[in-house]
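No gaps in the numbering here: position 138 of the sequence shown is 137 in numbering that gives the first Met the number 0, and each next residue is one more.
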Amino acid sequence: MKTPCNKCGKAIGFFERSYKIENEKLNIKYDVLCGECHGIVKKGIGEIDDMYQWMANNLKKNKDVQKNGLVTVEVDLLILLAVEALFSVAPSYFRLDSPLNQTIIRAKESRGIDKQKDIVRIVHKLLQYGFEPNLKEQGLDTTRNFVAYMIQNEQFLQEVEVNCGAEDELIKANVFLSRRGLIIDTIENPKLIHISIPSDTLVDYQVENSEIINEMTLKNVCYPWDDKKNVVLTLMSESIMFAVGNAIDRFNQKTTKLLDKLKKDSLEYFNDRVVEDLKKIKPGEFIEAIHLDCLLLCIVKNLKGQKMFSMEALFDPKGTTIELLWAYYRQNLRNMGIDNSEKIVTYLLKNCLYTEGFNIKHGNKPSDKGWGFFTTKGYIIYFRRSRQVFFIYTETFPNAIYHPCNTVTYENKQYLQLVMNNGRNAGEELRDLDELIFYSDEPETISQMERFFERHNLYYQMETFLKKQKEIQRKREKYLEVQRIINHIFADFGYLPYCIYDEWYVIQKKLKESDLLLNKLIDTDGNLRENYTLGQIIYAPKIIEAINRGAEECQKSLNILEDSVARAIIWVSFKEAVTETLSKEWVRIAGEILDEGDNALSAFFKYVNLKNIEPDKVYYMGLFIYHLMDRGILQSDNFLENYEGAVRIFLECRRVIEEPKFEGKVLPMDELLEEAFPEKK
């Protein structure tokens, strides 16, 4: 009995061999095949496998695939590659007698050629064969869903003209257009041109149509060999051109939605990593109560660990950092009084520093390049080669995490030393320092870090100074110790140096230059002039030395760790004592000559008329200025700022008394007073 071939129906003789083929992936099963049909089907399956291997080899070059695996490849890219593989491996796929057509399409001779329909069916089978998990991921594993998806998301244009020839020559070609790229299959001289479109690209196009031309320019899609040559399609009719335009619009809408979803998913993934770090640093604490600095440190740590984000966006109002804070940590921002993105940027610029391009030396280990992010409450430093991370965070502010910080210049290179543990333990006792040393070939990098550290050093030292000052004021024995040191300075040098402008100017200037905290506390007008008077500097160096020695005594006797704080305590107490003591000295010498309601003008009229002193003497002028400061008649509490105006008022008062018939220009007294002692805003 003869058995018919399952494919062609031809009867297979008793002595003829029959064949069996089964391929579950392609849903192909033949129990009985004649030799000819067996060869055709086997070759058709072989071409499917060749196309799969072609796609797999191309995907291996994709960095995303290398990192995340084949299952993550989006369907649009798979379809584009499948079409290119089809055109490369089986360019005659549409012919009814081709093995691929007979194996997959199985079209009847009466049907005729339908290239677009055949492409859809073959691509579906090819993806089922090698990429079924990708189809299932998007619900496209059924024939109906996949066909509908591909018709909606891809375009196949037959016999259009494309400017892919030399010097923009128009070449007739079949073009497969999708969201992820184009496959141009030239007709006369067969050649395949693959043009990729990145997944985040919105295609910008321009159309030109008239009675004789229907042209579409893809303005941001260029040829692989010339990134300035845009792809231009010349279409047969206006309706086809509009259909292509509508398709590109759909592609762009899908890209926008995917980008939004990717951004949202990425932000959620990124935030999960941040939350993990926050729970390690602040276990058991409500996320909403964590300080902004702690959030920023964890965000930056993960920003640097995720290649999808850039540190350039750290201070960008539309960047990842601010977007993440605004999306997930709005309550934390409210706790800081921040209610818009601009205020977040202001906080970052004012209180944070990100820098890189420097070398770090820690202990006896080799130096390493790194980056650092510094905030008011902590910092993170990363060593690139060793991949070591220093993460410091404290709840207190001001704090000592940037104190002490020292700078050294060696062989024209600036070094910055940061002591990590502040050199003390819980018992406030000095111990070995654990230090970091920074240096860079770019001086501005180190200078920028130094300025940031100094600013936070100042916050810490000022806070420490204010606490110590209150403690001294509350405890009589400590107060008396400070006064003893100050009285000793008066006993050694008397009161004259503080009445001489030049001396007092140099004392303040040198002390201000010598210490960061004193630089803040010694508030002098930038317009003050050195050598306002004609005297020579005699006392200033000795008094500066005495103040420094007094600060050392104060530091030891009052158990003050920071020498800057000790100098500040001595300076502030000394400055107050100078005003109070010299005011009392004036009263002792000249008596109380002022009445309630006197101003600087009336006071100097009385001063000029005194007979028991010599008003022209610098010493008496100085004592009187201190007395006016002590009485609140002069607003400024700085002798130097009052000196020039006082001398001017004194000279004018003396002229009025001694030259009553003066005919020169006379400034009204009220204007003179306002000009000599302008009110501070």
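A virtual CB, placed ideally from N, CA and C, is assigned to each residue, including glycine.
Considering Cα atoms alone, identify which of the options is closest to residue i.
{"i": "residue 370", "options": "394, 279 and 438", "result": "438"}
{"i": "residue 290", "options": "140, 336, 246 and 272", "result": "336"}
{"i": "residue 240", "options": "262, 224, 215 and 34", "result": "215"}
{"i": "residue 187", "options": "197, 174, 195 and 170", "result": "170"}
{"i": "residue 121", "options": "416, 103 and 35", "result": "103"}
{"i": "residue 433", "options": "238, 360, 176 and 62", "result": "360"}
{"i": "residue 582", "options": "449, 625, 515 and 34", "result": "625"}
{"i": "residue 161", "options": "203, 35, 338 and 221", "result": "221"}
{"i": "residue 634", "options": "8, 604 and 599", "result": "599"}
{"i": "residue 672", "options": "27, 495, 282 and 649", "result": "649"}
{"i": "residue 628", "options": "676, 58 and 657", "result": "676"}
{"i": "residue 178", "options": "166, 145 and 257", "result": "257"}
{"i": "residue 464", "options": "621, 65, 24 and 565", "result": "565"}
{"i": "residue 347", "options": "490, 318 and 586", "result": "318"}
{"i": "residue 149", "options": "49, 97, 606 and 119", "result": "119"}
{"i": "residue 189", "options": "89, 238 and 27", "result": "89"}
{"i": "residue 98", "options": "454, 37 and 366", "result": "37"}
{"i": "residue 237", "options": "225, 226, 213 and 223", "result": "213"}
{"i": "residue 31", "options": "4, 475, 418 and 141", "result": "4"}
Taking DSSP's pairing of strands, which residues face residue i in a bridge?
{"i": "residue 195", "result": "180"}
{"i": "residue 221", "result": "229"}
{"i": "residue 367", "result": "359"}
{"i": "residue 215", "result": "206 and 232"}
{"i": "residue 437", "result": "359 and 415"}
{"i": "residue 160", "result": "171 and 233"}
{"i": "residue 405", "result": "416"}
{"i": "residue 92", "result": "According to DSSP, residue 92 bridges with nothing at all."}
{"i": "residue 3", "result": "10"}
{"i": "residue 104", "result": "Paired residue(s): none; residue 104 is not in a bridge."}
{"i": "residue 22", "result": "27"}
Is it the case that the Cβ atoms of residue i and residue j are separated by a distance below 8 Å?
{"i": "residue 354", "j": "residue 447", "result": "yes"}
{"i": "residue 377", "j": "residue 441", "result": "no"}
{"i": "residue 577", "j": "residue 536", "result": "no"}
{"i": "residue 511", "j": "residue 499", "result": "no"}
{"i": "residue 462", "j": "residue 397", "result": "yes"}
{"i": "residue 330", "j": "residue 284", "result": "no"}
{"i": "residue 686", "j": "residue 254", "result": "Any question about residue 686 goes unanswered here, given that the chain covers just 0 to 680."}
{"i": "residue 79", "j": "residue 130", "result": "no"}
{"i": "residue 125", "j": "residue 51", "result": "yes"}
{"i": "residue 460", "j": "residue 561", "result": "yes"}
{"i": "residue 154", "j": "residue 246", "result": "yes"}
{"i": "residue 41", "j": "residue 20", "result": "yes"}
{"i": "residue 408", "j": "residue 415", "result": "no"}
{"i": "residue 485", "j": "residue 573", "result": "yes"}
{"i": "residue 73", "j": "residue 198", "result": "yes"}
{"i": "residue 176", "j": "residue 274", "result": "no"}
{"i": "residue 497", "j": "residue 503", "result": "yes"}
{"i": "residue 617", "j": "residue 652", "result": "no"}
Work out the CA separation of residue j and residue i for me, nearest whole Å.
{"i": "residue 568", "j": "residue 558", "result": "13 Å"}
{"i": "residue 173", "j": "residue 261", "result": "33 Å"}
{"i": "residue 654", "j": "residue 588", "result": "25 Å"}
{"i": "residue 1", "j": "residue 68", "result": "50 Å"}
{"i": "residue 597", "j": "residue 647", "result": "18 Å"}
{"i": "residue 184", "j": "residue 10", "result": "41 Å"}
{"i": "residue 422", "j": "residue 401", "result": "With a pLDDT of 41 at residue 422, under the threshold of 50, the modelled position of that residue is not reliable, and no figure is offered here."}
{"i": "residue 444", "j": "residue 47", "result": "59 Å"}
{"i": "residue 687", "j": "residue 94", "result": "Because the chain here runs from 0 to 680, residue 687 falls outside it and cannot be looked at."}
{"i": "residue 430", "j": "residue 293", "result": "Model confidence at residue 430 stands at a pLDDT of 40, short of 50, so the residue's coordinates are unreliable; what they give is reported in the following sentence. Straight-line Cα distance between these residues: approximately 28 Å."}
{"i": "residue 368", "j": "residue 192", "result": "45 Å"}
{"i": "residue 631", "j": "residue 592", "result": "15 Å"}
{"i": "residue 579", "j": "residue 612", "result": "20 Å"}
{"i": "residue 436", "j": "residue 358", "result": "8 Å"}
{"i": "residue 35", "j": "residue 82", "result": "28 Å"}
{"i": "residue 15", "j": "residue 6", "result": "16 Å"}
{"i": "residue 24", "j": "residue 44", "result": "10 Å"}
{"i": "residue 530", "j": "residue 501", "result": "Note on residue 530: pLDDT 48, under 50, position unreliable in the model; no value is reported."}
{"i": "residue 670", "j": "residue 644", "result": "12 Å"}
{"i": "residue 33", "j": "residue 56", "result": "34 Å"}
{"i": "residue 604", "j": "residue 620", "result": "13 Å"}
{"i": "residue 542", "j": "residue 349", "result": "38 Å"}
For the ligand FMN, I want to know if residue i counts as a neighbour, meaning its beta carbon is within less than 7 Å of at least one of the ligand's heavy atoms.
{"i": "residue 414", "result": "Because no ligand of any kind appears in the structure shown, any question about the ligand FMN cannot be addressed here."}
Length-filtered (4 minimum) alpha helix (DSSP H) runs lying within the region 46–80: 62–67
Secondary structure, alpha helix (DSSP H): runs of 4+ residues fully inside the region 572–640: 599–607 and 617–630
Runs of alpha helix (DSSP H) lying entirely within the region 313–352, each at least 4 residues, in chain order: 319–327, 329–334 and 340–350
Length-filtered (4 minimum) alpha helix (DSSP H) runs lying within the region 490–517: 500–513
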